[in-house]
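Participant: Those letters in the sequence shown? Residues 1 to 146, by UniProt numbering.
No residue lacks a Cβ here, since even glycine has one placed at the ideal position from N, Cα and C.
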Amino acid sequence: MALAMLTVCEAQKRKQVEDPLAEARQAIEKSNAIYFQAFVKGDSSIFIERYAKDCCIMAPNAPAKCGPDAALAFYRIAYHQFGLRDGRFITQEIFGDGKEFVTEVGLWESYNANGELYDHGKFMVLWKKTQDGWKMFRDSFSSNRN
């Protein structure tokens with residue numbers, strides 16, 4: 001019995017060594033899958049939950065929004081001023097050591113209330129492992145439109 005338990009523990013350790021980003025990747029995929037539900041449902045709490053309390057959101061052509069109120073401030077602009085109602089992320093890369101921080105690079109699309117493409121572009125997010133799990137720590141993105 002002890003040998004079987006030791007073998008299972010060793011297999012788990014090897015898996016962690018083989019893919020140190022597995023936990024972060026899974027958390028990022030889960031977070032990204034529900035991120036835009038904040039806009040679909042008009043529920044800022046879903047959006048805020050994706051971000052670390054000490055986050056910075058660095059949108060194009062605007063000063064960075066940082067700190068505990070940054071996510072709500074950005075959500076209000078995106079929802080009320082720009083009329084975002086849905087979107088999606090396409091992750092292209094996740095890299096880092098998987099311990100405290102990882103970086104995600106990808107593409108995004110956002111849609112208006114009529115389901116029409118509002119904008120699209122690229123992003124780079126630095127994720128931070130917090131006591132509440134993996135959260136967006138630095139979120140930088142830009143449009144592909146001229």
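(1) Please name the residue, chosen from K99, I90, T103 and Y79, that lies closest to A113 on a Cα-to-Cα basis.
(2) In the structure shown, what three-state DSSP assignment does A113 receive?
(3) By how many angstroms is the C-alpha of A71 removed from the C-alpha of D43?
(4) Suppose you measure from the CA of A52 to the CA of F137; what does that come to, to the nearest Å?
(5) Would you report the Cα separation of K122 and I57, rounded to the nearest angstrom?
(6) Do I46 and I28 have their beta-carbon atoms positioned less than 9 Å apart in this structure?
(7) Name, in chain order, the residues that DSSP records as bridge partners for D86.
Facilitator: If we stick to the structure as given:
(1) Y79
(2) coil
(3) 12 Å
(4) 5 Å
(5) 14 Å
(6) Contact: no.
(7) Y111
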